[in-house]
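Numbering-wise (our numbering), the sequence shown opens with residue 327 and increments by one.
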Amino acid sequence: MIQIHHLHKWYGRFHALRDINLDISKGERVVICGPSGSSKSTLIRCINRLEEHQQGQIIVDGIELNAKAKNVHAVRREVGMVFQQFNLFPHLTVLENLILAPMRIRKLPREEAEDLATRLLERVRIPEQVNKYPNQLSGGQQQRVAIARSLCMRPKVMLFDEPTSALDPEMINEVLDVIGELAQDGMTMICVTHEMGFARTVADRIVFMDKGEIVEIADPVEFFEQPKNERTRQFLGKILQNR
């Protein structure tokens with residue numbers, strides 16, 4: 327589903343991503359973790375061209391992401407993204423937030439778009455919020471609306487960029503539970519997160535990054551119980567100390 331070959335990204339002289347190589351299969355659930363500043367978010371933002379890479383290759387479902395606008399639009403139609411901030415339109419109701427893109431981009435009739443939105447709000451467990459505005463919702467509810475909005479485009483891939491980092495502690499689990507349920511449905515998912523319990527439970531593979539490099543890729547059991555790289559061991563050691 328996703329192929330990343332020898333990817334490099336610079337911000338001026340700062341080398342943010344260094345020779346990234348990663349293939350992700352259809353239906354695979356990948357968690358990307360690592361210390362702050364390791365360019366985890368930059369990597370997944372490159373996957374839908376929110377950030378432009380300067381060297382290397384990204385191919386999503388057979389389409390290479392490059393300077394061609396046609397390719398970028400084709401990939402973005404199939405890749406949903408949920409951000410740290412909710413990015414909902416404050417002047418639109420929950421329902422209006424959900425149906426806007428399917429109607430304009432997928433050209434769904436309004437009745438079909440509303441039916442899809444209603445079903446997805448039930449899926450993320452907030453159907454009763456359909457006519458409220460974002461400022462009338464809690465942070466956890468807003469993030470679940472953001473997830474439903476991405477799903478309304480029926481994407482082949484979902485990207486989550488630290489989806490719980492802006493939430494109060496008591497709201498984190500409700501959002502992680504929803505993402506976990508989506509993972510069980512077989513959707514291809516990449517999630518940048520510091521929630522290691524979630525990573526252990528949901529991920530097929532864990533990618534550990536540091537200083538713009540992929541340091542280690544492993545399944546959850548190997549990653550947490552037998553990490554190969556010293557940088558990985560140091561990272562996990564600090565997490566255990568902070569519990």
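Note that the Cβ used here is the ideal one computed from N, Cα and C, for glycine as well. As the structure is a computational prediction, the values presented were derived from the model and not from experiment.
Who are the Cβ neighbours of R355 in its own chain at under 7 Å, not counting the five residues just before and after it?
A509, M515, V528, A529, D530
Just checking my contact of R470 with V450 at CB under 8 Å: how many whole Å lie between their CB atoms?
4 Å
Note the first and the last residue of the continuous alpha helix (DSSP H) segment covering C372.
366-372
Considering only C-alpha positions, which residue in the set S351, C359, D441, G353 is nearest to K537?
C359
In whole angstroms, what separates the C-alpha of E548 from that of C517?
19 Å
Going straight from the alpha carbon of V386 to that of C478, what length do you get?
19 Å
Three Cβ pairs or more, each shorter than 8 Å: is that satisfied between the region 407-419 and the region 434-441?
no
What residue does the alpha helix (DSSP H) around H399 start on, and which one ends it?
395-404
So, for D349: in the same chain, excluding its five sequence neighbours on each side, which residues have a beta-carbon less than 8 Å away from its beta-carbon?
I328, Q329, I330
Counting pairs of Cβ atoms below 8 Å between the region 418-428 and the region 393-405, do you hit three or more?
no
Look up I543 in the DSSP assignment and give the residues it is bridged to.
V533
Could you tell me which of M513, L369, V408, R432 sits nearest to A400, measuring between CA atoms?
R432
Element boundaries [beta strand (DSSP E), containing V357]
355-359
Starting from the N-terminal side, write out each stretch of the beta strand (DSSP E) that is 3 residues or longer and does not extend beyond the region 475-505.
483-487
R375 classed as buried or exposed, judged by whether at least 16 other C-beta atoms fall within 10 angstroms
buried
May I ask you to list the residues that DSSP assigns as paired with I386?
Ile is not the amino acid found at residue 386; the sequence shown has Val there. DSSP lists I328, I389 as partners of V386.
Quick one: is the Cβ of A525 within less than 7 Å of any heavy atom of the ligand COA?
No copy of the ligand COA appears in this structure; indeed no ligand is present at all.
What's the call for G512, buried or exposed, on a 16-neighbour Cβ count within 10 Å?
exposed
Give the DSSP-derived three-state secondary structure of D441 in the structure shown.
helix
Using the three-state DSSP reduction, which class does N423 fall into: helix, strand or coil?
helix
Three-state secondary structure (DSSP) of K335:
strand
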